[in-house]
Structures are given as structure tokens and as C-alpha cells.
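For the sequence shown, the residue numbers in my numbering are 89 to 181.
Here's the structure we're looking at; comments come further down.
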Amino acid sequence: MKTKTPNAGAILVCLTLLPACSTPPAPQAIPPARPILLQACAPVTACQPPAGSPRTNRQLAQTLQAARAALEICAAQVEAIAACQQRAASQRP
């Protein structure tokens, strides 16, 4: 007597539904990640005064104005870096 072979499609459907009947594993508690903070201040670089070779009093006055402006910019950069380093030092544990 010949036996019937089962339908392969019905077997596959049953096998795919079997895992859905089981209970899922309990989720593991994962601690929250600590944020990574990068506190970096700008590097200190040398300030370059403007080059000049004045030949007249007018050129000398213009060179002096340019040098003063360059020094003001340099002083502002130094103050910003010093403030950044001070903030970073006060935030360290």
C-alpha cells in the first residue's frame, strides 16, 4: 500500500509558525551609555605682527596702527584660549 507524502508547503508553514508560539526571552537591562564629551581648546599659536618698512612718517603711523590692530586680535585670541582652559579645568572631577 502506498502512503501519501505530505505537502511540503504545509509543512514549511507549520515550521515557520512554531517559533511564534514560544515566549520571547526576557530583555536584559542595558545601562545607559555615558556621554562622551570632548573638551578641546584651540591650540596656542604665535601671533605674527604685520611686516612693514615705513619710509615716511605717514607710513610709520599706518604701520603702527596695523601693529596695534594685530596685537588686539592676538590678545583676544589669548583671552579666549585662557577662558576655555579655565572652564575645562573647573569642569574636571
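Ideal Cβ placement from N, Cα and C applies to all residues, glycine included.
Nearest residue (CA-CA) to residue i, options the options
| i | options | result |
| --- | --- | --- |
| I161 | Q174, A134, Q150 | A134 |
| P138 | A158, A176, S178 | A158 |
| A177 | C129, R143, I118, Q150 | C129 |
| Q136 | P113, P142, R180, A163 | A163 |
| V132 | P113, I169, A117, R180 | I169 |
Backbone CA spacing between residue i and residue j [nearest angstrom]
| i | j | result |
| --- | --- | --- |
| Q165 | A155 | 15 Å |
| T115 | P123 | The residue asked about is misnamed: residue 115 is Pro in this sequence, not Thr. Answer to the nearest angstrom: the Cα atoms are 23 Å apart. |
| E167 | G140 | 26 Å |
| N145 | A171 | 39 Å |
| P119 | P113 | 18 Å |
| A117 | Q174 | 38 Å |
| R180 | A121 | 19 Å |
Three-way DSSP call (helix, strand, coil) for residue i in this model
| i | result |
| --- | --- |
| V166 | helix |
| Q116 | coil |
| T151 | helix |
Proximity below 9 Å, CB of residue i to CB of residue j
| i | j | result |
| --- | --- | --- |
| P142 | Q150 | yes |
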